[in-house]
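J.: From first to last, the protein sequence lines stand for chains F and B.
The first sequence maps to residues 213 to 681 in our numbering.
The second sequence maps to residues 1100 to 1295 in our numbering.
Positions of the beta carbon are idealized from the N, C-alpha and C atoms, including for glycine.
As the structure is a computational prediction, the values presented were derived from the model and not from experiment.
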Amino acid sequence: MSQTLFEKIWNAHVVAQEPDSPAVLYIDLHLVHEVTSPQAFDGLRTRGIRVRRPDRTFATMDHGIPTTPRDLPILDELAAKQIAQLEKNCAEFGVTLYGLHSAPDKMGIVHVIGPELGLTQPGMTIVCGDSHTSTHGAFGALAFGIGTSEVEMVLATQCLLQRKPKTMQVQIDGVLQKGVTAKDIILALIARYGVGAGTGHVFEYTGAAIRRLSMEERMTICNMSIEGGARAGLIAPDDTTFEYMAGREYAPKGPAWDKALARWRTLPSDPGARYDATLTLDAGALEPMVTFGTNPGMGIGITGRVPDPAKTPDLSARNALSKALAYMDLKPNQPLLGQPIDVVFIGSCTNSRITDLRLAASVLKGRKVNPRVRAMVVPGSAQVKRQAEAEGLDRIFKEAGAEWREAGCSMCIAMNGDQLAPGQYAVSTSNRNFEGRQGKGGRTFLASPLTAAASAVAGAVADPRTLIQ
Amino acid sequence: MNQFTTLTSKIVPLPNENVDTDQIIPARFLKVTDKKGLGDNLFADWRYDADGSPRADFVLNRPEMQGRQILLAGDNFGCGSSREHAPWALVGYGFRAVISTSFADIFRNNSLKNGLLPIVVDKDTHQQLFSLVQEDPNTTLAIDLAAQTVTLPDGRRVAFSIDHFSKTCLLNGVDEIGYVLNLRDKIEAFERIHEG
Ligand code: SF4
């Protein structure tokens, strides 16, 4: 029987399956961060049990961590307490922690460091108490976010109770035009099909446009699967994947590598494998995308106009649109190009890797950030930061007038003091434009690193194609 | 874990679609190491003004809404972040059931683990429920998990589906982690085969 990539991974991880019950699924890799884990470790203490597989469990601190120089103290008492609690929990339960004190040179956003360290590998099941765990699906791993009760279950048993999701093929063909990126593909997909399209499903991205993408671009796409309602997004591993992985710290070496490679090559979906549903997108027809509203599905091509609620037939969609435009203080039918902005945020697990920073730097090189704009560049990890500095990207950013920060989630979730003021507009390379996501009352336009950098220069939402050769 | 058997309550209507967990509990309230007090900050940015005073126009602040345990929500409720703080806040506030046309997957799982029953109804029933509440804000529903029904004031019963496992766990207050811990032999056998 032909099987999909998803079915192959799923079937290889079922520990037990009772009729009428969810499967007991074995978890190969459990990533942990400071915000969604404290209550789970407390649960273990209450039960008087240990972490079953500390060797499969890795922690970092990213959500609440300041992005100011590392020698400064953490001023937010609650954040400091949460971080100290993670250190205590990891020490007590024997979990490897990439933290401020234990490994400052390797810490970073959990979904950036997993792949970077070679922890993320094809065919694995990977979970983390974080919805953007879908990122790791770029390697052909079944990776999804879980809640804190489930974090406790995985810590305790290395297993998870899971109902088998359905599969949805997302076929993306066509050749991207200049100035259009992986971020624009995923924003366009969600704009077309909506934020609930993937509910109950796992996406598998297929097609020529996906095959041409680098690993970092694939991670950008899989990262936002959850914004399309799918808990996980998969891309079949290929030579691009294996080249990226070779030599990474936790990647298999020598004969173990050859053995792993042979196994990984059997993972892609078989010809004729069936999906429960299919979506399609022509990447060649896309222009850079930007969101105008308060969910990631409210997006348009950058030369487009804000939709008009009066022309939206469905009542609840019309109400949602009116409410979003009121929050964003935008008018129906207005263009977004030229909309003045206050902040540009380049970072987050969607777009903070080295290729993202190179794209942003390619626009900012020899240019200046508009004086009305605060531009922040926040690398996804300490390793990305060092790499960028080795390439001189930090100098390009600083000379342009942008802030060059330490690694962390930063203004993506605005828990660490990096935040918008009420009413401010930001062009952000992150993944969520929910009300207040980047600071209470703040207004977010999601876009690619190219568009964010071009907008920083213009002081307004700008089309990057006018600035690149 | 919290048990759920039956519930009779009036309804808090919140028709907004795609309510994300950042609205249910904003990120700045996630800097906690326990589950206490989250209910006070449920829907904080819709519920309170900048100075912390309750906004009269938000449904939870209407005097007649106090103490109601059923939330009637718009489509795709609970999307976005995986934070279990969302159901903790809903339960902390006093909700025991949410009715919608669909729920985001992670939110649904998190709710079931906290004795918060997510009930999916079809679009027509959903519309009817909102109309009922509009006509009579004191409309009372009776939820019976064992029978998998919601009974409307006129005696009509709407059936809802829930998988057998979740239902059993909720009815009996089963500890799912305890259940999987008991499968230790199977887990060990799996590890032996796969790690050879
Ligand atoms: S960067 Fe943003 S989306 Fe990614 S893990 Fe951090 S807070 Fe979550």
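(1) Is the CB of B/R1127 under 8 Å away from at least one CB in chain F?
(2) Return yes when the C-beta of F/V322 is under 7 Å from any heavy atom of the ligand SF4, and no when it is not.
(3) What did DSSP end up calling B/V1158 once you bin it into helix, strand or coil?
(4) Find the residues of chain F that neighbour B/I1286, judging by a C-beta separation of less than 9 Å, and give them in chain order.
(5) Within 10 angstroms of its Cβ, does F/H245 collect 16 or more other Cβ (buried), or is it exposed?
(6) Considering only residues of the same chain and omitting the five flanking positions on each side of B/S1180, which have a CB-CB separation below 8 Å?
(7) Within the same chain, show all residues whose beta-carbon is closer than 6 Å to that of B/A1203, passing over the 5 residues directly before and after it, in chain order.
(8) So who's on the other strand from F/Y310, going by DSSP bridges?
(9) Between which two residues does the alpha helix (DSSP H) harbouring B/K1266 extend?
(10) My output table needs one value for B/T1132: the three-state DSSP class, helix, strand or coil.
(11) Counting Cβ pairs closer than 8 Å, one from the region 229-237 of chain F and one from the region 363-376 of chain F, do we hit at least three?
(12) Applying the 10 Å Cβ sphere with the 16-neighbour rule, what's the burial state of B/N1117?
(13) Pairing CB atoms from the region 217-227 of chain F with CB atoms from the region 296-315 of chain F, are three or more of them under 8 Å?
(14) Can you list, in chain order, the residues of the region 1259-1283 of chain B whose Cβ is nearer than 7 Å to any Cβ on chain F?
(15) Between F/G306 and F/A291, which are expected to be in contact by the criterion C-beta below 8 Å, what is the C-beta distance as a whole number of angstroms?
(16) Taking the alpha carbon of B/Q1102 as the reference point, which residue from B/D1235, B/L1244 and B/M1164 has its own alpha carbon closest?
(17) Quick one: any contact between the region 558-569 of chain F and the region 581-601 of chain F, if contact means 3 or more CB pairs under 8 Å?
(18) For the region 1130-1152 of chain B, which residues have a CB atom closer than 8 Å to at least one CB atom of chain F, in sequence order?
(19) First and last residue of the alpha helix (DSSP H) that includes F/F504?
(20) Looking at B/F1160: is its Cβ nearer than 8 Å to the Cβ of B/R1146?
(21) Express the C-alpha separation of F/L241 and F/F270 in angstroms, rounding to a whole number.
(22) Can you tell me whether F/H275 sits near the ligand SF4, meaning its C-beta is under 7 Å from at least one heavy atom of the ligand?
(23) Show which residues of chain B have a CB atom less than 7 Å away from the CB atom of F/P250.
(24) Check whether the Cβ of F/S528 lies closer than 8 Å to any Cβ atom in chain B.
(25) Using C-beta distances below 7 Å, list every residue in its chain close to F/K652, excluding the 5 sequence neighbours before and after it, in chain order.
(26) Hey, how far is the Cα of F/I325 from the Cα of F/K318?
(27) Decide if the region 380-393 of chain F is in contact with the region 417-431 of chain F; the criterion is three or more beta carbon pairs, one per stretch, under 8 Å apart.
(28) Looking at the strands, I want to know which residues DSSP matches up with F/E416.
(29) For a test of your reading of the model: does the CB of F/C561 fall under 7 Å from any non-hydrogen atom of the ligand SF4? Yes or no.
(30) Quick one, which residues of the region 1203-1232 of chain B are near chain F if we go by CB-CB under 8 Å, in chain order?
(31) Using a beta-carbon distance below 8 Å, is B/E1234 in contact with chain F?
(32) Mapping DSSP to helix, strand and coil, what is F/C340?
(33) Can you pull the chain F neighbours of B/D1119, defined as C-beta to C-beta under 8 Å?
(34) If you check the beta carbons only, do F/A252 and F/V363 fall under 8 Å apart?
T.: Here's the rundown:
(1) Here residue 1127 of chain B corresponds to residue number 28 of the second sequence, with the count starting at 1. Yes - at least one Cβ of chain F is within 8 Å of the one on B/R1127.
(2) Position 110 of the first sequence, counting from 1, holds the residue named residue 322 of chain F. Yes; taking the cut-off as 7 Å, the Cβ of F/V322 has a heavy atom of the ligand SF4 nearer than that.
(3) By one-based count along the second sequence, residue 1158 of chain B stands at place 59. Helix.
(4) Residue numbering aside, residue 1286 of chain B sits at position 187 when the second sequence is read from its first letter. Those within 9 Å of B/I1286 in chain F are V227, A228, V236, Y238, R264, T369, Q370 and C371.
(5) The sequence position of residue 245 of chain F within the first sequence is 33, counting from 1. Looking at its Cβ environment, which holds 16 or more other Cβ atoms inside 10 Å, F/H245 is buried.
(6) Residue 1180 of chain B sits at position 81 when you count from the first residue of the second sequence. Excluding sequence neighbours, B/S1180 sits near D1119, T1120, D1121 and A1126.
(7) Position 104 of the second sequence, counting from 1, holds the residue named residue 1203 of chain B. Excluding residues within five positions, the ones whose Cβ falls inside 6 Å are G1177 and C1178.
(8) Within the first sequence, numbered from 1, the residue matching residue 310 of chain F stands at position 98. Paired residue(s): F/T272.
(9) Taking the first residue of the second sequence as 1, we reach residue 1266 of chain B at position 167. Its alpha helix (DSSP H) spans residues H1263 to N1271.
(10) Position 33 of the second sequence, counted from the start, is the residue given in the question as residue 1132 of chain B. Three-state DSSP puts B/T1132 in coil, outside helix and strand.
(11) yes
(12) Numbered from its first residue, the second sequence carries residue 1117 of chain B at position 18. With 16 or more Cβ atoms within 10 Å of its Cβ, B/N1117 is classed as buried.
(13) no
(14) D1262, H1263, F1264, E1275, I1276, V1279, L1280 and L1282
(15) Indexing the first sequence from 1 puts residue 306 of chain F at position 94. Indexing the first sequence from 1 puts residue 291 of chain F at position 79. That pair is no contact at about 25 Å.
(16) The residue you call residue 1102 of chain B lines up with position 3 of the second sequence. The shortest Cα separation from B/Q1102 among B/D1235, B/L1244 and B/M1164 belongs to B/L1244.
(17) yes
(18) K1130, V1131, T1132, D1133, K1134, D1144 and A1149
(19) On the first sequence, position 292 is the one that residue 504 of chain F refers to. No alpha helix (DSSP H) holds F/F504; DSSP gives it neither H nor E.
(20) As a position in the second sequence, residue 1160 of chain B is number 61, starting the count at 1. As a position in the second sequence, residue 1146 of chain B is number 47, starting the count at 1. First, the amino acid is wrong: residue 1160 of chain B is Asn here, not Phe. In this structure, B/R1146 lies closer than 8 Å to B/N1160 by Cβ.
(21) On the first sequence, position 58 is the one that residue 270 of chain F refers to. On the first sequence, position 29 is the one that residue 241 of chain F refers to. About 8 Å.
(22) Here the question's residue 275 of chain F lines up with position 63 in the first sequence. Correct: F/H275 has its Cβ closer than 7 Å to the ligand SF4.
(23) Here residue 250 of chain F refers to the residue found at position 38 when the first sequence is read from its first residue. Ordered by position in chain B, the residues that pass the 7 Å Cβ test against F/P250 are T1132.
(24) Counting from 1 along the first sequence, the entry for residue 528 of chain F is found at position 316. With 8 Å as the cut-off, F/S528 counts as an interface residue toward chain B.
(25) For the purposes of this step, residue 652 of chain F is taken as residue 440 along the first sequence, with counting starting at 1. Excluding positions up to five away in sequence, the list reads P634.
(26) Taking the first sequence and counting its residues from 1, one reaches residue 325 of chain F at position 113. Taking the first sequence and counting its residues from 1, one reaches residue 318 of chain F at position 106. Approximately 7 Å between the Cα atoms of the pair.
(27) yes
(28) Translated into the one-based positions of the first sequence, residue 416 of chain F becomes position 204. F/Q381 and F/L446.
(29) If you number the first sequence from 1, residue 561 of chain F lands on position 349. Flag set: Cβ of F/C561 near the ligand SF4.
(30) A1203, D1204, I1205, N1208, N1209, K1212 and N1213
(31) Start at 1 with the first residue of the second sequence, and residue 1234 of chain B comes out as number 135. Closer than 8 Å: no.
(32) Here residue 340 of chain F refers to the residue found at position 128 of the first sequence. Note: F/C340 maps to strand in three-state DSSP.
(33) As a working mapping, residue 1119 of chain B is identified with position 20 in the second sequence. Within chain F, the residues near B/D1119 are N507, R644 and F646.
(34) Reading the first sequence from its first residue, position 40 is the one you call residue 252 of chain F. Reading the first sequence from its first residue, position 151 is the one you call residue 363 of chain F. The answer is yes: Cβ separation under 8 Å.
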